[in-house]
Each structure stands twice: as structure tokens, then as C-alpha cells.
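Visitor: Next up is a structure, given as C-alpha cells.
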Amino acid sequence: PEEQFQPDPDKKTLVILGSGWGAVSLLKKLDTENYNVIVISPRNFFLFTPLLPSCTTGLIEHRSIMEPIRNILRHKKGTVKYYEAEATKIDYEKRVVHISDGSEITGDVSRTEVPFDMLVVAVGAENATFGTSVCSCSIPGIPGVKEHSCFLKEVGDAQKIRKRIMDCVETAMFKDQTEDEVKRLLHMVVVGGGPTGVEFAGELQDFFEEDLKKWIPEIQDNFHVTLVEALPNVLPMFSKQLIDYTESTLKEEKITLRTKTMVKNVTDKYIEAEVTKPDGSKEIEKIPYGLLVWATGNAVRPVVRDLMNQIPAQKNSRRGLAVNEYLVVNGTENIWALGDCSVTNYAPTAQVASQEGAFLARLFNTMAKTEEIEKELSRLSAAQQAAKNEDERNKILEEIKERQKQLRRTKQIGPFQYSHQGSLAYIGKERAVADISWLSGNIASGGTMTYLFWRSAYLSMCFSVRNRVLVATDWIKAKIFGRDVSRE
Ligand code: FAD
Ligand code: NAD
């Protein structure tokens, strides 16, 4: 099989793990002809996560926010290889990545090794299932979370939620269902008041108000969304004014907000939460649910944790790979990490991951250019020594000076600097909140105008024109015909 891919022995092999925000942003700007590039990811597409909550209710069809990695790579120059596989182990000493094909169809070979000279780890994070949003992976998961709840990170998660919403509704409508059971089945509980939880709760309530209650009026009195948050408020990354605005909008939407409520246990029909009362006392409460969506932030992936364990300099890192200001993994010289699998001073967002990806592309392009000039310089200095006369020597010297100037210019690449463009979140009822950096000041705004801004901003950020057209069409379709409530 190796004859399919012949790496150029004169070029370094650059292996990129992942096809998310960080990896794709790197690939977009990377001059791929300078390296033997190998991309490895179990997902053969890029996913525009900001619009994923809208896929849970069918407002947007999931394929509208996916872009095939093959389409991204086919426009690149040089050798770029893609393997649909998961990196199961990164062997730092041997400089190889062990990969495994975890898809439904596997061939005779489904596990192998990929050697690398340079490695970029952009595998993102997995869902946290323990009690705090700050990951410390030694804490065991909250019992029952993995078995009974839905997450909201991948396309499959959104599809599962979409199916379950309708399953709960149809099961609640089953002949002779008891009143308590109807109430339970129609109780949609969202755990985690970060942006994922808030956006999903808003989308779900919209679905109920705009479509479900018209199609199935019998559920009107019992369909109910509750948002559960351990801290005293939701959206901690937003300003106080926008937090207040969000909380009052949730109330207006009739979403019940349960703050200071920390979920401790999950069963198939109810959650058990520790509620802190106004007087500071604590009480355990059972909250029955039909659908449970768990959105309590990020945890470190096992492959990343394993790499951290191989590198002594990563000993004190808890939330992911500690990197320096050039995104080099501390304790290594040929591994870079970016996005949600790395730890920096910035929040784990798409905005940060994509800026880091663009930075790494510039860095690698510069490194390749520098190497090329250095090779040329050593060729010229050999030629200078072999020159037959003074004239020829002087001519080569001029060329050397020119190359040295070029080298000085090329080498000037500073450390990664994040430029925060602001935070945006949809909160339901055609309203959004935004903390935007504008010129040198900050604008904090909430409401319908912000919602229109949110829509146009996300539409313009979609990966391709094709995605933009599909998303806009989905919005129009839902406005005219309503969301599709078929369960498939
Ligand atoms: P990801 O984009 O998660 O990509 C990781 C990639 O690695 C994937 O392709 C995955 O398949 C692959 N992978 C996983 N395991 C392996 C393995 N073992 N080997 C190889 N490949 C692997 N951020 C914002 O800034 N604005 C928003 O509006 C916003 N909205 C969001 C909405 C939702 C519902 C969610 C879940 C997140 C949102 N985020 C938002 C956060 C943002 O999506 C993440 O910060 C961003 O995806 C991180 O990029 P990444 O490249 O590190 O990881
Ligand atoms: P998050 O870490 O931002 O929030 C998780 C919330 O869950 C926290 O407020 C935490 O207190 C709460 N929590 C944890 N354990 C709990 C428990 N047992 N019971 C009750 N509450 C509990 O997670 P997220 O919303 O998934 O976001 C992850 C990252 O993605 C963040 O960096 C976020 O900024 C980014 N993101 C951004 C957007 C946006 O900009 N619109 C949207 C989604 C995600």
C-alpha cells in the first residue's frame, strides 16, 4: 500500500492530528508544497460548531455546516495525504503516531503507525462528565452521565438530541400515559449554563414556541425546559449587564433557570442535584427528566493525556498540553499543540483555535523559507570558495548579502498573539448577546439587533459559499414551512 504515498525524502513530514477549527485553519494557510503533509482525523469533515445547537431542532440541517476535508485538501499543492483514523498513541521518543480505523467498515489493515518529523496536535477536547468545568481528570465522572445524557459536540450528538426530543414528545402522547409520566417525558433538562447550554436551551424553547406547540397542542401545558447551573449565574465570560439580560430573557421565554444547583448523580429518569439555598444550607433534590443534555465543558482526551505522561515538563499541567508562546509543546522541540487540547491564557474557543492555526501556518511557511535560504547560502559560500577569479567571487558575495538580507526579513516572526474579536451567544426568542471589541473600546449589547448581527456574523464566518447558501436556505425554509418534526 505504501506505493500510494511516496513522501519526498528532501522534505520533512508534517503530521496534523484533527480536522476541526485549529487544524483546518492551519491547513488553509499552510504552503503545503514545503512539507509531506499527512492529516489524520476520525472525522472526514470540518464542522462549524457555532451553529450546531440549531441542528438539534432541525432549524439547520447538519450537512449545511459540514465541509468535507477532501474538498479542503484537493486545492492544496504538493503531497497532502488524509487518513480517516483516530490517533490512539503518540510515541514521542520514536516519533511515530499509532492510528486506528474506528469506522464501521474496516479493511484487513485497520491499525498502523505514521512516522513524523513535525507533529501538530489539534484533536480538541472531549466532554467533561465530572463536577467542575475546570478539568482535573483524576476526578471520577458523575455516575450515570455517560449512560443517560446527550452531549452537544459532534454532528451525531445533535442528531441524537433531535431524535430524542421527538421521541419524548410522541411517547408522552402514548395512549393512557399517566400525568406524572407525561410531565417527566416533556421535561427537557440542560446541565451547564455556559454558552453551549444557554444556546441549546434557547433553540429548544424556540422550537416549542414556533413549531411544536402548533403541531401538537396537547403538549402545551407540560413541555418545559430547565437550565441547571452549579454557579450563581450563567455565561460567566460575559459582562454583568449581559448576564442579567440573558437571565431575564430566559425567564421571559419561560425557561426555568436553576443556578447554585450542582448535579451529583444521574439515573435514567431523574437527576440528583445539590441545591444551595439562600441561607447557605444545602439540599439534595431529585429532578425528573425526559431528555437530558449535558454541557459542562471540556475534558482532556486520552491520547493527549498519554502524551503528557511521556513528557516530564508536562507533569504539572492538568487541563491539556502546556505550550510556549510559539505553541511548541513544553518539553519537546518538534510537537506543536493548538485549540482545545492545549492550555494557554485564552478560553477554549473556535476563535482562539483558528487564530492559532493561522499563526502556525505562518510559522511553518517561514521555517520552510528560512531553510531554503540557508541551503542556498551554503551552496553560494561553497561556490564562492571555488570561484576562479575575483570578479566571480564578488558577484557571489553580492548574492550572499542579498540572501542574508532576505533571511533577516524572513526570520522576523514574533510569538503568537491573540486578538479577541468579542463573544457572541444566541439566547433564544430571536435575541443574542455580544461583548464586542470595536476599535479600542468594548460594546456590550443584547436584543434583536444583536441577533441580526449574530446571524450575519456567523453566516459570513461559515467555511464556504456553499455552507453559507445552505444555512441561509435552511433559515428561510424553517420560516416558511416550520421545522420538520419527523423522527428518523
Ligand atoms: P475541534 O474543532 O473540536 O476539532 C478536533 C478535531 O480532532 C476533530 O476533527 C476531531 O474529529 C479530531 N480528533 C478527535 N480525536 C482525535 C484523535 N484521537 N486523533 C485524531 N483526530 C482526532 N467557539 C467560539 O469561538 N464561538 C462559538 O460560537 C462557539 N460555539 C460552539 C458551539 C458548540 C455547540 C460547541 C460544542 C463549541 C463551540 N465553540 C465556539 C467552541 C469551539 O467549537 C472549540 O473551541 C473549537 O472547536 C476548538 O477547536 P479545535 O480544533 O481545538 O477542536
Ligand atoms: P463551559 O465550560 O463554558 O460551561 C460549563 C458550565 O457547566 C459551567 O458554568 C459550570 O459551572 C457548569 N457545570 C459544571 N458541572 C456542573 C454540574 N455538575 N452541575 C451543574 N452545572 C455544572 O462549557 P461550554 O458551554 O460547553 O463551552 C465550552 C467552551 O466552548 C467555552 O470556552 C465556550 O466559551 C466555548 N463556546 C463558545 C460559544 C460562543 O461563543 N457562542 C458557544 C459554545 C461554546
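Going by this note's numbering, the sequence shown opens with residue 1097, and the numbers climb by one from there.
Backbone N, C-alpha and C define an ideal beta-carbon position, used for all residues, glycine too.
Keep in mind the model is a prediction, meaning the values are calculated, not measured.
#1: So, under 8 Å CB-CB, L1338 and A1553 are touching, yes? Tell me the CB distance rounded to an integer number of Å.
#2: Sort out for me which residues DSSP pairs V1396 with in a bridge.
#3: Between A1478 and F1460, what straight-line distance do the alpha-carbon atoms span, to the nearest angstrom?
#4: Entirely within the stretch 1107-1139 and at least 4 residues each: give me those alpha helix (DSSP H) ranges in chain order.
#5: Taking the Cβ atom as the reference point for each residue, do M1358 and A1391 lie within a distance shorter than 7 Å?
#6: If distances are taken between C-alpha atoms only, which option among S1533, R1527 and G1289 comes closest to H1516?
#7: May I ask you to list the residues that DSSP assigns as paired with K1378?
#8: First and last residue of the beta strand (DSSP E) that includes F1614?
#9: If we require 3 or more residues per run, which beta strand (DSSP E) segments fall completely within the stretch 1263-1334?
#10: Quick one: residues in its chain with C-beta nearer than 8 Å to the C-beta of E1157, no 5 flanking neighbours on either side, listed in chain order?
#11: Roughly how far, in whole angstroms, is the beta-carbon of L1282 from the beta-carbon of F1319, given that I think they are within contact range, below 8 Å?
#12: Does the Cβ of G1203 have 16 or more other Cβ atoms within 10 Å, making it buried, or fewer, making it exposed?
#13: Does DSSP put C1233 in a helix, a strand or coil?
#14: Measuring straight from C-alpha to C-alpha, what distance separates E1349 and N1329?
#15: For T1228, count neighbouring C-beta atoms within 10 Å of its own C-beta (all shown protein chains included) and say buried if the count is 16 or more, exposed if not.
#16: My parser needs the beta strand (DSSP E) runs of 3 or more residues fully inside the stretch 1166-1248; what are they?
#17: Is the stretch 1409-1427 in contact with the stretch 1303-1312, if contact means three or more CB pairs nearer than 8 Å?
#18: From which residue to which residue does the alpha helix (DSSP H) around R1082 run?
#19: What's the gap between the Cα of A1457 and the Cα of L1434?
#20: How big is the Cα-Cα spacing for K1172 and A1254?
#21: What is the residue span of the alpha helix (DSSP H) that A1521 lies within?
#22: Which two residues bound the contiguous beta strand (DSSP E) that contains A1391?
#23: Kindly identify the DSSP beta-bridge partner or partners of T1352.
#24: What's the gap between the Cα of S1556 and the Cα of L1520?
#25: Exposed or buried, what is T1292 when buried is set at 16 or more other beta-carbons lying within 10 Å of its beta-carbon?
#26: Is the beta carbon of F1270 closer than 7 Å to that of P1149?
#27: Within this structure, are the beta carbons of S1196 and R1207 separated by less than 7 Å?
#28: With T1466 and K1507 assumed to form a contact (beta carbons below 8 Å), what rounded beta-carbon distance in angstroms separates them?
#29: Alpha carbons only, please: which of P1511, W1550 and K1365 is nearest the one belonging to V1529?
#30: With a 10 Å radius around its C-beta and 16 neighbouring C-beta atoms as the bar for buried, classify M1162 as buried or exposed.
#31: With a cut-off of 8 Å, do at least 3 Cβ pairs link the stretch 1257-1270 to the stretch 1359-1377?
#32: Just to confirm, are D1125 and A1464 a CB contact at a threshold of 7 Å?
#33: Mind checking whether the beta-carbon of E1182 lies closer than 6 Å to any heavy atom of the ligand FAD?
#34: Any idea which residues DSSP pairs D1656 with across the strands?
#35: Suppose the cutoff is 6 Å on Cβ atoms and the five residues either side in sequence are ignored; what does the same chain contact list for V1219 look like?
#36: How would you label E1299, buried or exposed, when you count the other beta carbons within 10 angstroms and need 16 or more for buried?
Guide: The short version:
#1: Between A1553 and L1338 the Cβ distance is about 16 Å, and since that is not below 8 Å, they are no contact.
#2: Listed as beta-bridge partners of V1396 by DSSP are no residues whatsoever.
#3: Their Cα atoms are separated by approximately 27 Å.
#4: Listed in chain order, the complete alpha helix (DSSP H) runs (minimum 4 residues) inside the stretch 1107-1139 are 1117-1125.
#5: No, they are not a contact pair.
#6: Distance check between H1516 and each of S1533, R1527 and G1289 places S1533 closest, using alpha-carbon atoms only.
#7: Under DSSP, K1378 shares a beta bridge with T1372.
#8: Nothing in the structure corresponds to residue 1614, since the chain is present only between 1097 and 1584.
#9: Segments of the beta strand (DSSP E) lying fully in the stretch 1263-1334: 1283-1287 and 1320-1324.
#10: If we look at E1157 and ignore the five residues flanking it on each side, its Cβ neighbours are C1151, L1566 and D1570.
#11: Taking C-beta atoms under 8 Å as the contact rule, L1282 and F1319 qualify, at a distance of about 5 Å.
#12: Its Cβ having fewer than 16 others within 10 Å, G1203 is exposed.
#13: Since pLDDT at C1233 reaches only 46, below the 50 mark, its modelled position is unreliable, and the value read off the structure follows with that caveat. Three-state DSSP puts C1233 in coil, outside helix and strand.
#14: It is roughly 17 Å from the alpha-carbon of E1349 to the alpha-carbon of N1329.
#15: Only weak support exists for where T1228 lies, its pLDDT of 45 falling under 50; the value from the coordinates is given anyway. With a threshold of 16 other beta carbon atoms within 10 Å, T1228 falls short and is exposed.
#16: Restricting attention to beta strand (DSSP E) runs no shorter than 3 residues, the stretch 1166-1248 encloses them at 1176-1180, 1182-1187, 1192-1196, 1207-1211 and 1214-1217, ordered along the chain.
#17: Below 8 Å, too few C-beta pairs join the stretch 1409-1427 and the stretch 1303-1312 to call them touching: fewer than three.
#18: Residue 1082 is absent from the structure shown; the chain starts at 1097 and stops at 1584.
#19: One C-alpha to the other measures close to 12 Å.
#20: So the alpha carbons of these two residues sit roughly 31 Å apart.
#21: Note, A1521: premise wrong, no alpha helix (DSSP H); beta strand (DSSP E) at G1518 to G1524.
#22: Segment: none, A1391 is in no beta strand (DSSP E) and carries neither H nor E.
#23: DSSP, once it has assigned bridges, lists T1322 as partnering T1352.
#24: One C-alpha to the other measures close to 14 Å.
#25: Buried.
#26: Contact: no.
#27: Yes. Within cutoff.
#28: Going by Cβ atoms, the distance from T1466 to K1507 rounds to 6 Å, so yes, they are a contact pair.
#29: Of the candidates P1511, W1550 and K1365, the residue whose Cα lies closest to the Cα of V1529 is W1550.
#30: Here M1162 is buried: its Cβ has 16 or more other Cβ atoms, across all protein chains shown, within 10 Å.
#31: Contact between the stretch 1257-1270 and the stretch 1359-1377 is not established, with fewer than three Cβ pairs separated by less than 8 Å.
#32: A small correction: the amino acid at residue 1125 is Lys; Asp does not occupy that position in the sequence shown. Annotated as distal: K1125 and A1464, with beta-carbon spacing of 7 Å or more.
#33: Distances taken from the Cβ of E1182 to the heavy atoms of the ligand FAD include one shorter than 6 Å.
#34: Absent from the structure is residue 1656, since the part of the chain shown begins at 1097 and ends at 1584.
#35: Same-chain partners within the cutoff: L1113, G1114, R1397 and C1437.
#36: Result: buried.
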